[in-house]
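Visitor: First residue of the sequence shown? That's 9 in our numbering, and the numbers climb one at a time after it.
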Amino acid sequence: MDLFAQAKAQGIQTEFLDGQGHRRVTDAAALKIILDALPPQAPGPLLGHPVVVRSGRPSRTELPATARLPVEWKIVAESGVIARGESSDHAIDWPRDLPPGAYRLQVSDASTAEDVPLISAPERAFGGEFDRCWLLAVQLYGVRSARNWGMGDFTDLANLIELADHLGADGVGLNPLHTLFDDRPDDCSPYSPNSRLFLNALYIDVEKLPEFQPDSETSEALAPLRASDAVDYVSVAGLKWRALRRAFAAFKANAKPARQQDFDKFRAERGTLLSHFACFEVLRHKFGKPWWEWPVEWRQPDDAGCDALRQGEDAGEIEFVEFVQWTADRQLGAAADLAKRLGLKVGLYLDVAVGVQADGFDAWNEQVAISRHLGVGAPPDPLNTAGQTWGLAGFNAAGLELESFAPYRDMLRAAMRHAGAIRLDHVLGLKRLYLVPQGFSARDGVYVQMPFEALLAATALESVANRCVVIGEDLGTVPEGFRDQIADWGIWSYLVMMFERDDAGSFRNIDHYLTNALVTFNTHDLSTYAGWRSFGDLKLKRSLGIDPGESDDARWRALAMLDEVLRHHAIERNDLYSVANFLARTKSRLLAVSLEDLLGVVDQPNIPGTVNEHPNWRRRLPVSLEDMTSTVDVTALKAATHERSRAAL
Numbered sequence: 009m010d011l012f013a014q015a016k017a018q019g020i021q022t023e024f025l026d027g028q029g030h031r032r033v034t035d036a037a038a039l040k041i042i043l044d045a046l047p048p049q050a051p052g053p054l055l056g057h058p059v060v061v062r063s064g065r066p067s068r069t070e071l072p073a074t075a076r077l078p079v080e081w082k083i084v085a086e087s088g089v090i091a092r093g094e095s096s097d098h099a100i101d102w103p104r105d106l107p108p109g110a111y112r113l114q115v116s117d118a119s120t121a122e123d124v125p126l127i128s129a130p131e132r133a134f135g136g137e138f139d140r141c142w143l144l145a146v147q148l149y150g151v152r153s154a155r156n157w158g159m160g161d162f163t164d165l166a167n168l169i170e171l172a173d174h175l176g177a178d179g180v181g182l183n184p185l186h187t188l189f190d191d192r193p194d195d196c197s198p199y200s201p202n203s204r205l206f207l208n209a210l211y212i213d214v215e216k217l218p219e220f221q222p223d224s225e226t227s228e229a230l231a232p233l234r235a236s237d238a239v240d241y242v243s244v245a246g247l248k249w250r251a252l253r254r255a256f257a258a259f260k261a262n263a264k265p266a267r268q269q270d271f272d273k274f275r276a277e278r279g280t281l282l283s284h285f286a287c288f289e290v291l292r293h294k295f296g297k298p299w300w301e302w303p304v305e306w307r308q309p310d311d312a313g314c315d316a317l318r319q320g321e322d323a324g325e326i327e328f329v330e331f332v333q334w335t336a337d338r339q340l341g342a343a344a345d346l347a348k349r350l351g352l353k354v355g356l357y358l359d360v361a362v363g364v365q366a367d368g369f370d371a372w373n374e375q376v377a378i379s380r381h382l383g384v385g386a387p388p389d390p391l392n393t394a395g396q397t398w399g400l401a402g403f404n405a406a407g408l409e410l411e412s413f414a415p416y417r418d419m420l421r422a423a424m425r426h427a428g429a430i431r432l433d434h435v436l437g438l439k440r441l442y443l444v445p446q447g448f449s450a451r452d453g454v455y456v457q458m459p460f461e462a463l464l465a466a467t468a469l470e471s472v473a474n475r476c477v478v479i480g481e482d483l484g485t486v487p488e489g490f491r492d493q494i495a496d497w498g499i500w501s502y503l504v505m506m507f508e509r510d511d512a513g514s515f516r517n518i519d520h521y522l523t524n525a526l527v528t529f530n531t532h533d534l535s536t537y538a539g540w541r542s543f544g545d546l547k548l549k550r551s552l553g554i555d556p557g558e559s560d561d562a563r564w565r566a567l568a569m570l571d572e573v574l575r576h577h578a579i580e581r582n583d584l585y586s587v588a589n590f591l592a593r594t595k596s597r598l599l600a601v602s603l604e605d606l607l608g609v610v611d612q613p614n615i616p617g618t619v620n621e622h623p624n625w626r627r628r629l630p631v632s633l634e635d636m637t638s639t640v641d642v643t644a645l646k647a648a649t650h651e652r653s654r655a656a657l
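1) Any contact between the stretch 622-630 and the stretch 605-613? By contact I mean 3 or more CB pairs, one from each, below 8 Å.
2) To the nearest angstrom, how far is it from the Cα of residue 178 to the Cα of residue 601?
3) Which of helix, strand or coil does DSSP assign to residue 133?
4) Could you give the distance in angstroms between the alpha-carbon of residue 513 and the alpha-carbon of residue 568?
5) Evaluate residue 564 with the Cβ neighbour count: other Cβ atoms within 10 Å of its Cβ, from every protein chain shown; 16 or more gives buried, anything less gives exposed.
6) How far does the alpha helix (DSSP H) with residue 283 in it reach, from first residue to last?
7) Taking the alpha-carbon positions, what's the residue 316 to residue 322 distance?
8) When you compare the stretch 493-500 with the stretch 156-167, are there three or more beta-carbon pairs, one atom per stretch, that lie closer than 8 Å?
9) For residue 445, write down the residues that DSSP places opposite it in a beta bridge.
10) Would you please state the rounded distance, in angstroms, between the beta carbons of residue 335 and residue 212? I believe it to be under 8 Å.
11) What's the call for residue 519, buried or exposed, on a 16-neighbour Cβ count within 10 Å?
12) For residue 165, report the span of its beta strand (DSSP E) as first-last.
13) For residue 220, which three-state DSSP category applies?
14) Please classify residue 119 as buried or exposed, where buried requires at least 16 neighbouring CB atoms within 10 angstroms.
15) When you compare the CB positions of residue 53 and residue 69, do they come within less than 8 Å of one another, or not?
16) Based on Cα-Cα distance, which residue from 116, 194, 338 lies nearest to residue 218?
17) Apart from the five residues on each side of it in sequence, which residues of its chain come closer than 6 Å, Cβ to Cβ, to residue 255?
18) For a test of the three-state rule: what should DSSP assign to residue 113, helix, strand or coil?
19) Just curious, the beta strand (DSSP E) that residue 358 is in, first and last residue?
20) Take residue 77 as the anchor and find which of 100, 200, 362 has the nearest alpha-carbon.
21) Given a cut-off of 8 Å on the beta-carbon distance, is the pair residue 615 and residue 549 in contact?
22) Can you give the Cα-Cα distance for residue 71 and residue 122, rounded to whole angstroms?
23) Suppose the cutoff is 6 Å on Cβ atoms and the five residues either side in sequence are ignored; what does the same chain contact list for residue 130 look like?
24) How is residue 609 classed by DSSP in three states: helix, strand or coil?
25) Near residue 80, which residues of its chain fall below 6 Å by C-beta distance, leaving aside the five closest residues on each side in sequence?
26) Taking DSSP as the reference, what is the three-state secondary structure of residue 141?
27) What are the partner residues of residue 82, as DSSP defines its beta bridges?
28) Do the CB positions of residue 152 and residue 559 come within less than 8 Å of each other?
29) Count Cβ pairs between the stretch 295-312 and the stretch 340-354 that sit closer than 8 Å; are there 3 or more?
30) Quick check on this structure: which residue in 90, 23, 524, 185 has the alpha carbon closest to the alpha carbon of residue 341?
31) Would you call residue 29 buried or exposed, if buried means 16 or more other Cβ atoms sit within 10 Å of its Cβ?
32) Can you give me the Cβ contacts of residue 441 inside the same chain, cut-off strictly under 7 Å, excluding the 5 residues immediately before and after it?
33) Go ahead and label residue 264 buried or exposed: buried means 16 or more other beta carbons lie within 10 angstroms of its beta carbon, across all protein chains shown.
34) What does the Cβ neighbour count give for residue 492, buried or exposed, with the cut at 16 atoms within 10 Å?
35) Below 8 Å on the Cβ atoms is my contact criterion, and I expect residue 45 with residue 205 to pass it. Report the Cβ-Cβ distance as a whole number of Å.
36) In whole angstroms, give me the CA-to-CA distance for residue 444 and residue 229.
Written out as structure tokens, the structure reads:
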């Protein structure tokens, strides 16, 4: 079988039309790397794909005419066989009373046997227990307060929740909180994580720790960090890690019984994943190079090896990593608990990155379902004529199927642990991913089909189990029927007003917006409202040598069209509160209003395509938390959002 036939058998699309309408055929050398990087798997002769059994709906799988009857099947859980049967025709009707979960399905006829995943899922994802409400969207690192150490932290988050409650919002939406690399604090993009399973320790409020020990050196260093307009991650990290180590030493020397019990409880809750993560971090520091260059015995996670490591000289370092994650988890959990006590219907709305860095924990721990050799990206299109490679490793279909989707479910479970809603970045990746081998341009990528229905079923399974709404970031060009499919599974859409325009450029009316959706004016990758109205984004991009993709005349026209749609709905002004009022009137059940917009910030948090040209993920808010209510026009905001607000005017 030649390379291209082999690729087709594995669901790899090597020929396609890119966003510019050009026909692309993947380079053979690139294709070989892609095939070598993926687990070898071809569809089996009886089923050929994962099976989904959906609660409340009949589930039937047709068998090929070549199947030699009877066909026997059994569904296997960790505890053993939970159902079995036999089919004397070319179809199997699956039991309707299977408990929710992911299983292995073993089928056989007289000549062959096959083993595939089977997911028993609820009919739909968790739908939320609210009608319409709104959220305060915040880049947590950028929050300024009198007490934080130069970047926002989980105590600031608790105060933001109280602010949201005061404003009438039902939650706070955040940038990804995934853990990054403690020894590379300048690599601060929350969308390029070390792991999506654990938390960024720099969000810990170290002064909240019972074991915190203040020192004069830290106190002197804090003033300039608090005054700075940009987060100095290197300095913040230096202070926080030193304080965390002192607190850990005090904890080890004299842990109160209740604290020790809770630490032990957390370690039991997170189990093997936490143990592997702690060992990985210690090994990463010990060897100082990517994990694939480590000594052979450590290039893959090994329970026996980790156990031995815990018994040796590195035991303290391993426990320190776990202590830090325990601290972060409990502080984030305390913020979520506060939201519940205040009656916020959503609480925390958290973002999930589309991939991970190849040299990070997830790629080491999950080498079957994640390939470090392949990066997620996008083919050429009118805005990015060379295509895009995001420098992130993503899941692959064959590996997920071999592992019954456990890595994907672990990721969802970690994100949902303290959240009332999550957003899946680039949700189109559940249907297909554009993968580019390292060393090749984005033009030499391929589309790899993903087990879409099974991933939707796994999403619904975790969503219901964790009572967490799931929003899919479905911006851009999506395949026909995609939004209908995710909606059928209860996954909400993500509607950005800046993009909700017809072919003539007119903004769409209020009744256009879907019910099960989060609606917002912009995103972290787009201009703020003040920047958009003032042309600040166009000026900045041009100053950086970036084509903004829009002329000044086009922007003037867009501003006029915004005025037009607002007036059509009897909204006479065009300030931010007018736009918020327009969006608040839509039937979409969630509305997000960014804190940057409420404060009139001109610069956007991130400019795609830049690295050091712009202070991406570093901008701090111009106003401290303590002064928010005197800076934001609270009366105007409550009036704008009154249709979905918790607070009376």
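From the three backbone atoms N, C-alpha and C, an ideal C-beta is built for every residue, glycine too.
Guide: Once the coordinates are examined:
1) Cβ pair count under 8 Å is three or more, so yes.
2) Working through the sequence shown from its first residue, we reach residue 178 at position 170. Working through the sequence shown from its first residue, we reach residue 601 at position 593. When rounded, the distance between both Cα atoms is 12 Å.
3) By 1-based counting over the sequence shown, the position of residue 133 is 125. Coil at residue 133, not helix or strand.
4) Stepping through the sequence shown from its first residue, residue 513 is reached at position 505. Stepping through the sequence shown from its first residue, residue 568 is reached at position 560. In this model, residue 513 and residue 568 are separated by some 10 Å (Cα to Cα).
5) Stepping through the sequence shown from its first residue, residue 564 is reached at position 556. Residue 564 is exposed by the Cβ-count criterion.
6) Stepping through the sequence shown from its first residue, residue 283 is reached at position 275. Per DSSP, the unbroken alpha helix (DSSP H) holding residue 283 starts and ends at 265-295.
7) Mapped onto the sequence shown, residue 316 falls at position 308. Mapped onto the sequence shown, residue 322 falls at position 314. About 10 Å.
8) No, the stretch 493-500 does not touch the stretch 156-167.
9) Counted from its first residue, the sequence shown places residue 445 at position 437. In DSSP, residue 445 forms a bridge with 382.
10) By 1-based counting over the sequence shown, the position of residue 335 is 327. By 1-based counting over the sequence shown, the position of residue 212 is 204. The Cβ separation is near 5 Å, so the contact holds.
11) Here residue 519 corresponds to residue number 511 of the sequence shown, with the count starting at 1. Taking a 10 Å sphere around the C-beta of residue 519, we find fewer than 16 other C-beta atoms and assign the residue as exposed.
12) Residue 165 sits at position 157 when you count from the first residue of the sequence shown. Premise fails: residue 165 lies in the alpha helix (DSSP H), 162-175, not in any beta strand (DSSP E).
13) On the sequence shown, residue 220 is found 212 positions in, with the first residue counted as 1. Three-state DSSP puts residue 220 in coil, outside helix and strand.
14) Within the sequence shown, numbered from 1, the residue matching residue 119 stands at position 111. Residue 119 comes out exposed.
15) The count along the sequence shown starts at 1 and reaches residue 53 at position 45. The count along the sequence shown starts at 1 and reaches residue 69 at position 61. The answer is no: Cβ separation not under 8 Å.
16) As a first step, residue 218 is located in the sequence shown; it is residue number 210 there, counting from the start. The candidate whose alpha carbon is nearest that of residue 218 is 338.
17) Locating residue 255 in the sequence shown gives position 247, counting from the first residue. So the list reads 217, 219, 220, once near-sequence residues are dropped.
18) Here residue 113 refers to the residue found at position 105 of the sequence shown. Strand.
19) Position 350 of the sequence shown holds residue 358. Counting along the chain, the beta strand (DSSP E) containing residue 358 begins and ends at 355-360.
20) Here the question's residue 77 lines up with position 69 in the sequence shown. Comparing Cα-Cα distances from residue 77 to each of 100, 200, 362, the minimum goes to 100.
21) Sequence index remark: in the sequence shown, residue 615 carries index 607 (1-based). Sequence index remark: in the sequence shown, residue 549 carries index 541 (1-based). Contact check for residue 615 against residue 549 passes: the beta carbons are separated by less than 8 Å.
22) As a first step, residue 71 is located in the sequence shown; it is residue number 63 there, counting from the start. As a first step, residue 122 is located in the sequence shown; it is residue number 114 there, counting from the start. Note on geometry: alpha-carbon atoms of residue 71 and residue 122 lie some 12 Å from one another.
23) Residue numbering aside, residue 130 sits at position 122 when the sequence shown is read from its first letter. Contacts found: 63, 468, 472.
24) By 1-based counting over the sequence shown, the position of residue 609 is 601. In the three-state scheme derived from DSSP, where H, G and I count as helix and E and B as strand, residue 609 is classed as coil.
25) As a position in the sequence shown, residue 80 is number 72, starting the count at 1. The residues are 94, 116.
26) What you label residue 141 is simply residue 133 of the sequence shown in a count that begins at 1. In this structure, residue 141 counts as strand in the three-state DSSP scheme.
27) Numbered from 1 along the sequence shown, position 74 holds the residue referred to as residue 82. When DSSP reads this structure, residue 82 sits in a beta bridge with 92, 114.
28) For the purposes of this step, residue 152 is taken as residue 144 along the sequence shown, with counting starting at 1. For the purposes of this step, residue 559 is taken as residue 551 along the sequence shown, with counting starting at 1. It is not a contact, given that the beta carbons lie outside the stated cut-off.
29) No, the stretch 295-312 does not touch the stretch 340-354.
30) Within the sequence shown, residue 341 is the residue found at index 333, counting from 1. Residue 341 has its Cα closest to that of 185, out of 90, 23, 524, 185.
31) Your numbering for residue 29 matches position 21 in the sequence shown. The residue is exposed, with fewer than 16 neighbouring Cβ atoms inside 10 Å.
32) Locating residue 441 in the sequence shown gives position 433, where the first residue counts as 1. Beyond the five residues adjoining it in sequence on each side, residue 441 comes within less than 7 Å, by CB distance, of 384, 402, 456, 458 in the same chain, given in chain order.
33) As a first step, residue 264 must be located in the sequence shown, where it is residue number 256. By the 10 Å Cβ count, residue 264 comes out exposed.
34) Counting from one through the sequence shown, the residue named residue 492 turns up at place 484. Only exposed fits residue 492, as fewer than 16 other CB atoms lie within 10 angstroms of its CB.
35) Start at 1 with the first residue of the sequence shown, and residue 45 comes out as number 37. Start at 1 with the first residue of the sequence shown, and residue 205 comes out as number 197. A Cβ-Cβ separation of about 22 Å leaves residue 45 out of contact with residue 205 under the 8 Å criterion.
36) Residue 444 sits at position 436 when you count from the first residue of the sequence shown. Residue 229 sits at position 221 when you count from the first residue of the sequence shown. Taking the straight line from one Cα to the other gives about 44 Å.
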